[in-house]
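Going line by line, the protein sequences match chains A and B.
Residues -13 to 351 (my numbering) make up the first sequence, in order.
Residues 20 to 135 (my numbering) make up the second sequence, in order.
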Amino acid sequence: MEDGLTRNDGARRPPALLDRLLSLLLPRASRDAVMGDLWERYRSPGQFAAEGMRTVPHIVASRARRTSSAAIIGLQLFILGACLGSLDPGISPRGVPYMARAAIPGVLVLLALILRNVYRGEETPVRRGIMDAVAAVVAILASQLAVGGLVWAGMVQEGWLLRPFSYVMAALALPILCMLGTVEGAEDRARHAGPGGVPPAGGLTADYAAFRRRTLGRNRTEMAALAVIIGLSSYVLWTEKPDIAPFGWSFVTGYILLTAYLWRHGAAVPAADTASAEELRTLFGTELTRQHRLRRLMWWFWFVPLFAGIITHLIKAGIGQGDAFLILLYTAAFAGLAGCIAKVNADRGRGVRLRIEAIEGPRPA
Amino acid sequence: MANVPSLGQFEQLVLTSILSLGDNAYGVTIHARVEELMRPRTVALGAVYATLDRLEDKGLVGSWMSDPTPERGGRAKRHFRLLGAGESALRESALTAKRVCDTIEKSWGGDLWKTA
Chain A
-13 MEDGLTRNDG ARRPPALLDR LLSLLLPRAS RDAVMGDLWE RYRSPGQFAA EGMRTVPHIV
47 ASRARRTSSA AIIGLQLFIL GACLGSLDPG ISPRGVPYMA RAAIPGVLVL LALILRNVYR
107 GEETPVRRGI MDAVAAVVAI LASQLAVGGL VWAGMVQEGW LLRPFSYVMA ALALPILCML
167 GTVEGAEDRA RHAGPGGVPP AGGLTADYAA FRRRTLGRNR TEMAALAVII GLSSYVLWTE
227 KPDIAPFGWS FVTGYILLTA YLWRHGAAVP AADTASAEEL RTLFGTELTR QHRLRRLMWW
287 FWFVPLFAGI ITHLIKAGIG QGDAFLILLY TAAFAGLAGC IAKVNADRGR GVRLRIEAIE
347 GPRPA
Chain B
20 MANVPSLGQF EQLVLTSILS LGDNAYGVTI HARVEELMRP RTVALGAVYA TLDRLEDKGL
80 VGSWMSDPTP ERGGRAKRHF RLLGAGESAL RESALTAKRV CDTIEKSWGG DLWKTA
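Printed below as a string of structure tokens:
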């Protein structure tokens, strides 16, 4: 009682069901410490439940802040909006604005991704990306089930449901959502660097091997994502034959070339068995820089079609019709998208610089 | 002192609590000490956790997990300690608070310390 607290000495225990329920509501990363503290403060089931329920929102919000990046959320929002049709300023034949129709599944997917970040355990970046894409599919389907229920109950009109073609377009967002899910946050970088930025036990050789495995995994995921985009885009261009088909085919060709480049040069090169510590350190630094340059460019490549879409709408719907609001909207969207990509790259660059410094040691001023 | 991050009032209270608790600074004890400092106001346990996370992200405090104990249902404690940057930030805040007090005291004299 050194702090003047009324603490539970362990004789009183919260009901098991309540304990389990609160444990489930708390994010994994904080669960042990917070549940332990709640046990220590336990006086009655009511107090335990009330205090636990008051604590959960703070923990979830704090975890969301720590695990989500504004730039990544921005990019997720852009890609979901574009693929679900919210770039179109028009109104559907059933009288529902395209932007509003896309907002329901879009917001739900975004919420699902943020909550996934909050509650997920330790995952490799590749698995995290794949699971993010799965979560997006589930959220889109759930949103359409909910809207379908409201339509069935006669509460909203049928125009709020996504058209079948929207599902094909939504599928185009999944590979990019997957790639956004693989972006390493501050927590991942801290784990790779080890405590205090010092590489983890096992030495430089093991550290480089782990880095190479990560780049291999990421490269494969990136190629698979590109293959999905190439396949789906080709299907849309072939079946729908839109006005912008020539541009579309040029993007598809560009993505095919990109895939071939990644196949050849995307992963980090293996270290020679006979490499000295100094050679390995140099190779590690070089590969970190090369990987960063490559991925930095890739972020711009992923969003080239979206930039093109925004510019097309800016010219056709904004400038073409002299609509000042749409000109402002699409210009802001263009700047926002570019800003988000630049921020993701800047964050990554900062992490890479710290990592290189930790591997090579401090550079002379 | 350009690199010392500025602290909000609640952050100052949490850092002060960690400083005063020494090796025994973890969720329950930090919350109790913050409530002591903020008397008669009460503080949500969750608000303390959120602030601790933010202070850790700013590099002002560090944390580590202790061994699990039976009175906590076999769960570990997350202990906190001030890092160098945290000490500097707290010192800077304390100096600012002292300057504020001195300035008010010059105008109000001893009345400053009388409770309403």
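Don't be surprised by glycine CBs; every beta carbon is placed ideally from N, CA and C.
In this text the structure is predicted, and so the values were computed from the model without any measurement.
Could you run through the stretch 224 to 242 of chain A and flag, in chain order, every residue whose CB is less than 8 angstroms away from some CB of chain B?
For the stretch 224 to 242 of chain A, which is checked against every Cβ of chain B, not one residue is closer than 8 angstroms.
Could you compute how far the alpha carbon of residue 333 of chain A sits from the alpha carbon of residue 284 of chain A?
The alpha-carbon atoms of residue 333 of chain A and residue 284 of chain A are separated by roughly 15 angstroms.
Just checking: is the beta-carbon of residue 64 of chain B within a distance shorter than 7 angstroms of some beta-carbon in chain D?
Of the chains in the structure shown, none is chain D; the protein chains are A and B.
Skipping 5 residues on each side, what residues in its chain have a beta carbon closer than 7 angstroms to that of residue 352 of chain A?
Absent from the model: residue 352 of chain A. The displayed extent of chain A is -13 to 351, so no value can be given.
I want to verify the contact list: residues of chain B whose CB lies under 7 angstroms from the CB of residue 108 of chain A, in sequence order.
The contacting residues do not exist; residue 108 of chain A stays about 15 angstroms from chain B at best.
Alpha carbon to alpha carbon, what distance is there between residue 340 of chain A and residue 103 of chain B?
Answer to the nearest angstrom: the Cα atoms are 19 angstroms apart.
Taking Cβ-Cβ distances shorter than 9 angstroms, what residues in chain A pair up with residue 118 of chain B?
Within 9 angstroms Cβ-Cβ: nothing; residue 118 of chain B doesn't reach chain A, min ~31 angstroms.
For residue 120 of chain A and residue 112 of chain B, I'd like the C-alpha separation in whole angstroms.
Distance between the alpha carbons of residue 120 of chain A and residue 112 of chain B is about 47 angstroms.
Let me check understanding here. Comparing Cα to Cα, which of A:79, A:33, A:113 and A:18 lies closest to residue 87 of chain B?
Cα-wise, what sits closest to residue 87 of chain B is A:18.
What would DSSP say about residue 81 of chain B, mapped onto helix, strand or coil?
In this structure, residue 81 of chain B counts as strand in the three-state DSSP scheme.
If you follow the beta strand (DSSP E) that residue 97 of chain B is in, where does it begin and where does it stop?
Per DSSP, residue 97 of chain B belongs to the beta strand (DSSP E) from 97 to 101.
Looking at C-beta atoms only, is the number of pairs between the stretch 86 to 101 of chain B and the stretch 36 to 47 of chain B that lie closer than 8 angstroms three or more?
The stretch 86 to 101 of chain B vs the stretch 36 to 47 of chain B: in contact.
So what's residue 241 of chain A in DSSP terms, helix, strand or just coil?
Helix, per DSSP.
By DSSP, does residue 77 of chain A sit in helix, in strand, or in coil?
If DSSP states are grouped into helix, strand and coil, residue 77 of chain A belongs with the strands.
Mark residue 239 of chain A as exposed unless 16 or more other C-beta atoms lie within 10 angstroms of its C-beta, in which case mark it buried.
With fewer than 16 Cβ atoms within 10 Å of its Cβ, residue 239 of chain A is classed as exposed.
Can you tell me which of A:29, A:75, A:97 and A:58 puts its alpha carbon nearest to the alpha carbon of residue 302 of chain A?
When only C-alpha atoms are compared, the closest one is A:75.
Counting only the same chain and skipping the five closest in sequence on each side, list residues whose C-beta sits under 7 angstroms from that of residue 331 of chain A.
So the qualifying residues of the chain are 282 and 285.
Using the three-state DSSP reduction, which class does residue 28 of chain A fall into: helix, strand or coil?
The answer is coil: DSSP assigns residue 28 of chain A none of H, G, I, E or B.
Determine the DSSP secondary structure at residue 89 of chain B, reduced to helix, strand or coil.
Three-state result, residue 89 of chain B: helix.
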